[in-house]
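Start counting the sequence shown at 46; every next residue gets the next number (this note's numbering). Quick reminder that beta carbons are idealized off the backbone N, C-alpha and C, glycines included. Written out below as structure tokens is the structure these notes cover.
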Amino acid sequence: MMPSQGVCTVKQFLGSRLKVGRVLVRMTTTFGINQIISHGFGVFLFAAVVPMMRESIVISHWDLAAIGALTQLSYLGGAMLLGVLGHKVNSGLLVLISGSVTSALLFVMAVLDDAKLVLLVLTCMAASAAISWGAIVELISRYARPEYCSTCLSSASSGTAWGYGLNGLIILLVVPLLGWRSSWVLAGCLGAMTVVLTCLLLKNLNQRSLTKTAPNTGALSVRQLITTIMYERAAFFACLICFLVGFAAMPFSTWLNTYLAELMLPPALGGYTWMVAGVVGMIAGFLSGQLADSKGHGMALLLVFGGFFLGMFAFVYNPADFAVFAGVGYGLMYFPMWGIIAGWVHKYYSSTVTMQINGIGMVAFGLGGAFGNLMAGVVQDISGSLEGAYWVITADALLLLVLAIHIYLTEREKVPCSFENGLSS
46 MMPSQGVCTV
56 KQFLGSRLKV
66 GRVLVRMTTT
76 FGINQIISHG
86 FGVFLFAAVV
96 PMMRESIVIS
106 HWDLAAIGAL
116 TQLSYLGGAM
126 LLGVLGHKVN
136 SGLLVLISGS
146 VTSALLFVMA
156 VLDDAKLVLL
166 VLTCMAASAA
176 ISWGAIVELI
186 SRYARPEYCS
196 TCLSSASSGT
206 AWGYGLNGLI
216 ILLVVPLLGW
226 RSSWVLAGCL
236 GAMTVVLTCL
246 LLKNLNQRSL
256 TKTAPNTGAL
266 SVRQLITTIM
276 YERAAFFACL
286 ICFLVGFAAM
296 PFSTWLNTYL
306 AELMLPPALG
316 GYTWMVAGVV
326 GMIAGFLSGQ
336 LADSKGHGMA
346 LLLVFGGFFL
356 GMFAFVYNPA
366 DFAVFAGVGY
376 GLMYFPMWGI
386 IAGWVHKYYS
396 STVTMQINGI
406 GMVAFGLGGA
416 FGNLMAGVVQ
426 DISGSLEGAY
436 WVITADALLL
446 LVLAIHIYLT
456 EREKVPCSFE
466 NGLSS
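Put into structure tokens, the structure is as follows:
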């Protein structure tokens, strides 16, 4: 009787682990698709198709600068609301509402002919994207096993990379045949499907728990949150990294196709660059998350920021030959970075506090993106070229690499501080 009971116990254990694994994969995949809609389409599709849109809509350089800056400020506002008030609203509900709003606005973009209305819609979608990702961070941090948390977060955040890849395909395949308006209709249809999939996932998550212990959901007050970010190492560096990434990544993506057009390079080069960035991000999201879980978050940050700096340095040296290589470095850094940072913060804090700190990190990212886009607009207006802006972005990439080296060398020497010890899950 004892051996058969032992075999039964082993079968039950393996069956339980397999079931948990399937739920983790389904959760990560569904939230990754949400990232395709909210960020890949809601934030970045415009930058991909704007050269085609300008053929039928009057969009000046200052319109582009205003769109870049105001969408980042809107992203900042959505992230700030999430950091301060997000813990008071169910995260699953936030994901559904933001997904529905973004899907509806994607359809609206297909019928617009006024640059000011385009600005308004893009601004709303940016705020929705910030809220969506923050809520996803809380849900994954709550339900995923700690040993897989960074892998799940990085894989979900790489959904934005899938959006980049789809943007590249849209430029190359859809727009030439059906026009730029069809790209927004296609994105809206995919968004509507994603809302349905998310509803089914949340229903399933509410019926089961992937962790054996209830999560610590205690939230920080606004004063505690500010104190934590100012004085605790993980929270401070997380927000600083987000600011620097925003300053580099947003002007790079917003002005890339415009810069390539300025150099009289073929439009397809931008499409290939976006597609390669997306493909690299798809792979990097999973692998860098595994690296963070197994070898440490400092090592993962060193890898992704090192790749970004090399790509940017090669690009400013010779844009025609190394545009695609810059896409490789960008994809390696931008997409998995969000998951690595969120997983690192979750080492010290509960899922709710991780969401709050992540919200402030997105505020920092929005500020960095706004300053970066304004910087690019000023440089272009003064010099008549975007070359100087991309040199500034390269310098920012070098600073991120130096910061990653510092974190890697000092991470094991640091001990969690008071708030970290009190609120870690």
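{"Asked": "Quick check: the Cα distance between residue 391 and residue 369, rounded to an integer number of angstroms?", "Found": "34 Å"}
{"Asked": "Put residue 100 into one of helix, strand or coil per three-state DSSP.", "Found": "coil"}
{"Asked": "Taking all protein chains shown into account, decide if residue 271 is buried (16 or more other Cβ within 10 angstroms of its Cβ) or exposed.", "Found": "exposed"}
{"Asked": "Can you give the beta carbon distance from residue 320 to residue 214, rounded, assuming they're within the 8 Å contact cut?", "Found": "7 Å"}
{"Asked": "Measuring only the C-alpha atoms, how far is residue 227 from residue 100?", "Found": "15 Å"}
{"Asked": "What is the rounded straight-line gap between the Cα of residue 398 and the Cα of residue 181?", "Found": "13 Å"}
{"Asked": "Measure the beta-carbon distance from residue 196 to residue 335 and round it to whole angstroms, keeping in mind my assumption that it falls under 8 Å.", "Found": "5 Å"}
{"Asked": "Could you give the distance in angstroms between the alpha-carbon of residue 471 and the alpha-carbon of residue 324?", "Found": "This structure does not reach residue 471, given that the chain is present from 46 up to 470, and the question cannot be answered."}
{"Asked": "Find out if the Cβ-Cβ distance for the pair residue 406, residue 377 is shorter than 7 Å.", "Found": "no"}
{"Asked": "Looking at the structure shown, is residue 158 part of a helix, part of a strand, or coil, going by DSSP?", "Found": "coil"}
{"Asked": "Kindly indicate which three-state DSSP category residue 185 falls into: helix, strand or coil?", "Found": "helix"}
{"Asked": "Applying the 10 Å Cβ sphere with the 16-neighbour rule, what's the burial state of residue 363?", "Found": "exposed"}
{"Asked": "Is the beta carbon of residue 204 closer than 7 Å to that of residue 296?", "Found": "no"}
{"Asked": "Does DSSP put residue 393 in a helix, in a strand, or in coil?", "Found": "coil"}
{"Asked": "Run through the region 309-370 for me and flag every whole alpha helix (DSSP H) of 4 or more residues, listed as ranges in chain order.", "Found": "312-340 and 342-362"}
{"Asked": "Take every Cβ of the region 172-188, pair it with every Cβ of the region 116-126, and state whether three or more of those distances are shorter than 8 Å.", "Found": "yes"}
{"Asked": "Whose C-beta lies closer than 6 Å to the C-beta of residue 256 among residues of the same chain, with five residues either side of it excluded?", "Found": "Low local confidence applies: a pLDDT of 46 at residue 256 is under 50, so the model's placement there is unreliable, with the coordinate-based value given in what follows. Excluding residues within five positions, none has a Cβ falling inside 6 Å."}
{"Asked": "Decide if residue 258 is buried, meaning its Cβ has at least 16 other Cβ atoms within 10 Å, or exposed.", "Found": "Any reading at residue 258 must be qualified, since the residue scores a pLDDT of 41, below 50, and its modelled position is unreliable; the value itself is stated next. Residue 258 should be labelled exposed."}
{"Asked": "Checking 7 Å against the spacing of the C-beta atoms, do residue 396 and residue 187 come in under that value?", "Found": "yes"}
{"Asked": "By the DSSP assignment, the alpha helix (DSSP H) with residue 290 in it spans what residues?", "Found": "278-307"}
{"Asked": "Would DSSP call residue 124 helix, strand or coil?", "Found": "helix"}
{"Asked": "Which value, in whole angstroms, describes the spacing of the CA atoms of residue 133 and residue 147?", "Found": "22 Å"}
{"Asked": "Pull up the CB-CB distance for residue 85 and residue 209, whole angstroms please, since I reckon it's below 8 Å.", "Found": "6 Å"}
{"Asked": "Can you name, in chain order, every residue of its own chain whose Cβ lies under 7 Å from the Cβ of residue 439, other than the five neighbours on each side?", "Found": "357, 358 and 361"}
{"Asked": "Could you give the DSSP three-state label for residue 77: helix, strand or coil?", "Found": "helix"}
{"Asked": "With DSSP as the reference, label residue 63 as helix, strand or coil.", "Found": "Its pLDDT being 44, under 50, residue 63 is placed unreliably by the model, and nothing is read from it."}
{"Asked": "As a quick exercise: from 200, 402 and 97, pick the residue whose alpha carbon is nearest that of residue 269.", "Found": "402"}
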